[in-house]
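Structure first, then comments.
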Amino acid sequence: MSYSQLYPWVMICLLPHMPPLVFARFCNPSDAKSHSQAMKQLMPHGKFLIFLDIGLPMEQEE
Numbered sequence: 214m215s216y217s218q219l220y221p222w223v224m225i226c227l228l229p230h231m232p233p234l235v236f237a238r239f240c241n242p243s244d245a246k247s248h249s250q251a252m253k254q255l256m257p258h259g260k261f262l263i264f265l266d267i268g269l270p271m272e273q274e275e
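Numbering (my numbering), first residue to last: 214 to 275.
Right, here's the structure in full:
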């Protein structure tokens, strides 16, 4: 089992003129939401998104 399967909730930080940055991973959405609220207090102009990373398996070549 991979790390992304154990912690499927991802918080990304949107930075101007840069690609999105995976900021943190969480095992449940409430932890991600509370961390997001704390980060918004520390960085009021920061933009954060939380989403579920389902991690689809890659197709196997034969």
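From the three backbone atoms N, C-alpha and C, an ideal C-beta is built for every residue, glycine too.
Own chain partners of residue i with C-beta closer than 8 angstroms, once the 5 adjacent residues on each side are dropped
i	result
I267	P221
F261	M224, I225, C226, L227, F236, S249, M252, K253
Three-state secondary structure assigned by DSSP to residue i
i	result
L219	helix
L255	helix
Buried or exposed (CB count within 10 angstroms, at least 16 for buried), residue i
i	result
A245	buried
Neighbourhood of residue i by C-beta, 7 angstroms cutoff - its chain only, sequence neighbours within 5 removed
i	result
L234	I225, C226, L228
L265	P221, W222
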